[in-house]
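Under the working numbering, the first residue of the sequence shown is numbered 141, with each subsequent residue one higher.
Scroll down for the structure; my scribbles are underneath it.
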Amino acid sequence: MDFNYTAEDEAFRAEFRAWLHKNLQYATPIREPLADEEAGDWEARIRWHRKLNEGGWVAINWPKEYGGRGASILQNIIYHEELERAGTELPFTGFGIPLLGPTLIHWGTPEQKRRFLPKILTAEEIWCQGYSEPNAGSDLAALQTRAVEDGDYFIVNGSKIWTSAAHHADWIFLLVRTDPEAPKHKGISYLLVDMKTPGITVRPLVQMTGAHGFNQVFFEDVRVPKQNLVGAKNEGWQVALTTLMFERSTGHDRGLAKQIAELVQLARRVRYGSTTAWESSAVRQQIAQFVLDAEALKYTSYRQLTRQLKGLPPGPEGSMLKLCSTELALRIAAFALELLGTYGQLARNSPFALDGGKWSQRMLAARGPTIYAGTNQIQHNIIGERVLGLPKG
Ligand SMILES: Cc1cc2nc3c(=O)[nH]c(=O)nc-3n(C[C@H](O)[C@H](O)[C@H](O)COP(=O)(O)OP(=O)(O)OC[C@H]3O[C@@H](n4cnc5c(N)ncnc54)[C@H](O)[C@@H]3O)c2cc1C
Numbered sequence: 141m142d143f144n145y146t147a148e149d150e151a152f153r154a155e156f157r158a159w160l161h162k163n164l165q166y167a168t169p170i171r172e173p174l175a176d177e178e179a180g181d182w183e184a185r186i187r188w189h190r191k192l193n194e195g196g197w198v199a200i201n202w203p204k205e206y207g208g209r210g211a212s213i214l215q216n217i218i219y220h221e222e223l224e225r226a227g228t229e230l231p232f233t234g235f236g237i238p239l240l241g242p243t244l245i246h247w248g249t250p251e252q253k254r255r256f257l258p259k260i261l262t263a264e265e266i267w268c269q270g271y272s273e274p275n276a277g278s279d280l281a282a283l284q285t286r287a288v289e290d291g292d293y294f295i296v297n298g299s300k301i302w303t304s305a306a307h308h309a310d311w312i313f314l315l316v317r318t319d320p321e322a323p324k325h326k327g328i329s330y331l332l333v334d335m336k337t338p339g340i341t342v343r344p345l346v347q348m349t350g351a352h353g354f355n356q357v358f359f360e361d362v363r364v365p366k367q368n369l370v371g372a373k374n375e376g377w378q379v380a381l382t383t384l385m386f387e388r389s390t391g392h393d394r395g396l397a398k399q400i401a402e403l404v405q406l407a408r409r410v411r412y413g414s415t416t417a418w419e420s421s422a423v424r425q426q427i428a429q430f431v432l433d434a435e436a437l438k439y440t441s442y443r444q445l446t447r448q449l450k451g452l453p454p455g456p457e458g459s460m461l462k463l464c465s466t467e468l469a470l471r472i473a474a475f476a477l478e479l480l481g482t483y484g485q486l487a488r489n490s491p492f493a494l495d496g497g498k499w500s501q502r503m504l505a506a507r508g509p510t511i512y513a514g515t516n517q518i519q520h521n522i523i524g525e526r527v528l529g530l531p532k533g
């Protein structure tokens, strides 16, 4: 891999850095993962999203003709580096920008693209993802939510679970079973459903962090116009896989280097008798190991990047990165709690908590990424079968 950026890439960096500098007063700070929303938080994110969009910086991956920049892989990396450097991030405002937009660009009819893409860019319409069901998660194709044809409509009945941001969403992209007789990957269709349609109920689910991030969504005789079908009827699995591909290609770095730097600061402050935790060689050795692991992950991600830049099909690096980075984040959080001892029991924003209680929050939140976007056990299976050549489990 060539570690040098081209002049074009450096110009891209300079342009975005200058834009960020001018607009930083609108930026939302990097959020603690799976933290509860504070008053005004969602609105602030929407404002930042819209400001980014005004500058053409909210959907840089999308092709230019749809309002993006057609950014290259390296420009994507530069984009996120610059956001992080400025202490901000692309705000989470539902799944329109990262998932549905790119899926519609690939599969949508001209009319669907015209109708939906502009309002994703402006955050006038917020999208949630209706995939998982109470009995269909890792085995997603086991989904049972039914859609039956009735004239110009589908009538949908069933329920979706763990639906992030459904309580903010105007629309949901939904996987439904349209042919119960077909083999399970065959009779699935992909629908776009207005959340205001009669028959939809959203019930909150509170995570162990205390945050209300996701929901269960119920559908009772919900009428969906047939023009909201994406791809062909019963062939929605292909469309669903496209969305999953975009979900899995989102970065797995999770700010590990920053977390380790904060851990060092914590170790320097936590008292061990008359000295600090940092004076203990066992503590320093453990933190050094985290640094080594994070570096190894960084170079593994460069390997993945090299494959992408050469136009090769994705290798096993994606599974390795997902598995190892989420587990490293868990280990870092667990070690911080060891350092904190009983202080680690104090919840976020407790008056006596060190670092505002963010480490106990991170410990609880670190479990989520080991589950979504393909659980870590599923990643173990993929590595076992495709890399190590082990028999199917
Ligand atoms: C924070 C968060 C946000 C989410 N947001 C959304 C969302 O917006 N929309 C949405 O649709 N879903 C969402 N999900 C759901 C997520 O996609 C599922 O939780 C995930 O696919 C796992 O499915 P499941 O929970 O049904 O667990 P299951 O698939 O039932 O798995 C239970 C356990 O069994 C293991 N297991 C299952 N199959 C195998 C196997 N073949 N081999 C070995 N082990 C196996 C799993 O690894 C897991 O440990 C979210 C999840 C989380 C944690």
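Ideal Cβ placement from N, Cα and C applies to all residues, glycine included.
Per DSSP, the beta bridge partners of N297 are R286. The secondary-structure analysis by DSSP pairs C268 across a beta bridge with I312. DSSP, read as helix, strand or coil, puts R209 in coil. In the structure shown, the three-state DSSP call for P173 is coil. By alpha-carbon distance to A276, the top candidate from Y512, G484, N144, I217 is Y512. For P365, the uninterrupted beta strand (DSSP E) run begins and ends at 354-365, by DSSP. Under DSSP, no beta-bridge partner is assigned to D292. For L406, the closest C-alpha among the options Q215, Q347, L477 is that of L477. In the DSSP annotation of this structure, the continuous segment of the beta strand (DSSP E) that includes T341 starts and ends at 340-345.
Counting only the Cα atoms, E457 lies some 7 Å from T440. Under the DSSP definition of a beta bridge, R317 partners with R286, I328.
For the options F354, A281, H325, the alpha carbon positioned closest to that of H307 is the one of F354.
Its Cα nearest to that of L369, the residue S329 stands out among W377, S329, A380. In this structure, F313 sits near G270, with a CB-CB distance shorter than 8 Å. Take A417, set aside five residues on each side of it, and the residues of its chain with a beta-carbon closer than 7 Å to its own are A407, V410, V423, L479, in chain order. By the criterion of a C-beta distance shorter than 7 Å, G196 is surrounded in its chain by R209, once the five residues flanking it on both sides are discounted. Taking a 10 Å sphere around the C-beta of E222, we find 16 or more other C-beta atoms and assign the residue as buried. Per DSSP, the beta-bridge partners of T416 are R411. Between the C-alpha atoms of F294 and L332 there is a straight-line separation of about 11 Å.
Contact between F386 and P242 holds, with the beta-carbon distance rounding to 5 Å and staying under 8 Å.
According to DSSP, residue pairing for T466 in a beta bridge does not occur. For the segment 217-254, the continuous alpha helix (DSSP H) assignments of 4+ residues that do not extend past its boundaries occur at 241-247, in sequence order. By the neighbour-count criterion, in which a residue is buried when 16 or more other Cβ atoms sit within 10 angstroms of its Cβ, H161 is exposed. Within the same chain, Cβ atoms closer than 7 Å to the Cβ of L174 are found at Q347, T349, A351, G353, A505, G508, the five residues on either side in sequence being excluded. In the structure shown, D181 adopts helical secondary structure according to DSSP, grouped into three states. Q425 counts as exposed, since fewer than 16 other C-beta atoms from the protein chains shown sit within 10 angstroms of its C-beta.
I266 sits close to A309, with the two beta carbons spaced by under 8 Å. Shortest Cα-Cα distance from K398 to any of R254, F430, A211, Q356 involves F430. Ranked by Cα distance from P238, the first of L468, T383, D495 is T383. Per the coordinates, the alpha-carbon of D292 lies some 9 Å from the alpha-carbon of R363.
Sequence-distant partners of M503 (beyond 5 residues in either direction) whose C-beta falls short of 7 Å from its own C-beta, in its chain, are A473, A474, L477.
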